Amino acid sequence: MTAILAQGSSDMGHIDHPAMNTEPDLVSSTQKQQYDRDGAIMMRNVLCESDYQDVMDDLQTRMQLLADREGVSFPKQGDLPRIGWLSECLQRLCQKDSRLQGVLYDAMSRSPAMHRMSSHTKLCEVVSGLMGPDFEVHARLILIMALPQAKWHLAGWHQDWYYNEGPQSTMTLWIPMHDVGIQGGALTVALGKHRNGLMGHCEEGDQTTKWHTIKQKHVDQFSDLVQVEAKAGDCLALHALAPHRAYVNMSSQVRFVLNFRYLDLRDPGYLESGWRVKQIDHARQALGRSSEPKVA
Ligand SMILES: O=C(O)CCC(=O)C(=O)O
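Residue numbers (my numbering): 4 to 299.
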């Protein structure tokens, strides 16, 4: 596995961290130190396609059920890789009715394959090595499906903790099911800023994205930015306070990313609270805005 690889445009830093051990089931102490220091680390080649075959099966089943209901026909797979074909099918569905993306998003979060995926041994080894051995999986099991050019669901600068509460040490794993480069909307992370705690987010949001985003005065202070280009099965681990954002997917293919959160049962505050997570209305209100507001 190699550590986070920084690939940036001109205003972004380039940081090459050394290659670490090659065993996907091992997190070295250097990688753990890097995660603690940066609030993020890229673990390369953690999953292979066969590991998320079941997720693709569940996605295909749900899409086919919706297509039959809606009278949509899917193209032949032909020479397309399976994930590329699923992308074509999803785009057909969304052309018929854009709300079907949200229907699938909710359905996938309850899918048995997503439950199994979030607890996959390889992912548990990453979490255990970077955060600690005793954790739970957050109930929100997300399959990100970022459609080409879509802006409303696009995550601007944010810290996951603003949306999830619970222990601040919570770790997010972000695992693309195909290669994601700059054109595909690769994430950018502000390294080291998790150590500054929670930053103010603009509660009012705006008209282009449903996300509440970190106030500009904080964003202006970000210096160590990396845009993370990832290959299928790479696993980006993010601290809940690590500021990050996605970019518009300018490719022609849907960006499919597995996205899970892990909560540390040993976190003193979390243990003290009886492992309860506070209800946070601002996050529900923001992310519950499921469709773009009509512009008058
Ligand atoms: O991949 C994306 O579109 C954004 C994911 C993200 O930032 C998040 O879920 O916190």
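The beta carbon of each residue, even a glycine, is placed where N, CA and C say it ideally should be. All values derive from a computational prediction rather than experimental measurement.
Determine the burial state of residue i: buried for a count of at least 16 other Cβ atoms within 10 Å of its Cβ, exposed for fewer.
| i | result |
| --- | --- |
| Asp54 | buried |
| Gln34 | buried |
| Cys51 | exposed |
| Arg269 | exposed |
| Arg279 | exposed |
| Gly81 | exposed |
| Thr175 | buried |
| Ala110 | buried |
| His285 | exposed |
| Asn24 | Residue confidence for Asn24 is low, a pLDDT of 41 falling below 50, so the modelled location carries little weight; the figure read from the coordinates is stated next. With fewer than 16 Cβ atoms within 10 Å of its Cβ, Asn24 is classed as exposed. |
| Gly188 | buried |
| Thr216 | buried |
| Gln230 | buried |
| Lys220 | exposed |
| Val106 | exposed |
| Gln56 | exposed |
| Gly272 | exposed |
| Arg102 | exposed |
| Glu275 | exposed |
| Glu73 | exposed |
| Leu239 | buried |
| Thr173 | buried |
| Leu68 | exposed |
| Asp267 | buried |
Since I believe residue j is in contact with residue i (beta carbons under 8 Å), could you give me their beta-carbon distance rounded to a whole number of angstroms?
| i | j | result |
| --- | --- | --- |
| Lys218 | Gly203 | 5 Å |
| Val140 | Ser121 | 5 Å |
Where do the N-terminal and C-terminal ends of the alpha helix (DSSP H) with residue i fall, by residue?
| i | result |
| --- | --- |
| Arg95 | Arg85 to Lys99 |
| Met111 | Leu103 to Ser112 |
| Thr216 | First-last for Thr216: undefined, no H or E at that position. |
| Val130 | Thr124 to Leu133 |
| Val229 | Note, Val229: premise wrong, no alpha helix (DSSP H); beta strand (DSSP E) at Leu228 to Gln230. |
| Glu52 | Counting along the chain, Glu52 falls outside any alpha helix (DSSP H), and DSSP gives it neither H nor E. |
| Glu139 | No alpha helix (DSSP H) contains Glu139, which is instead part of the beta strand (DSSP E) from Phe138 to Val140. |
Mind checking whether residue i and residue j have CB atoms under 8 Å apart?
| i | j | result |
| --- | --- | --- |
| Leu62 | Leu29 | no |
| Met117 | Val58 | yes |
| Glu206 | Ile283 | no |
| Val75 | Lys99 | yes |
| Met134 | Val260 | no |
| Arg248 | Gly184 | no |
| Asn48 | Pro151 | no |
| Gln171 | Pro246 | no |
| Asp3 | Gly195 | Given that the chain is displayed from residue 4 to residue 299, the structure contains no residue 3 and the question cannot be resolved. |
| Thr191 | Trp155 | no |
| Met66 | Leu83 | no |
| Ala193 | Asp227 | yes |
| Gly200 | Leu241 | no |
| Gly132 | Gln256 | no |
| Gln186 | Ser254 | yes |
| Leu144 | Phe263 | yes |
| Met46 | Ala233 | no |
Could you spell out where the beta strand (DSSP E) holding residue i opens and where it closes?
| i | result |
| --- | --- |
| Met148 | Ile145 to Ala149 |
| Arg258 | Arg258 to Asp267 |
| Trp1 | Because the chain here runs from 4 to 299, residue 1 falls outside it and cannot be looked at. |
| Pro179 | Met174 to Pro179 |
| Ala116 | It is not in any beta strand (DSSP E) - Ala116 instead sits in the alpha helix (DSSP H) that spans Pro115 to Ser121. |
| Ala240 | Cys238 to His242 |
| Val58 | Unbroken run through Val58 is the alpha helix (DSSP H), Gln56 to Glu73; no beta strand (DSSP E). |
| Val192 | Thr191 to Ala193 |
| Ile44 | Ala43 to Met46 |
Within the present structure, is the beta-carbon of residue i separated from the nearest heavy atom of ligand 2 by less than 7 Å?
| i | result |
| --- | --- |
| Asn199 | Absent from the structure shown: ligand 2. Ligands present: ligand 1. |
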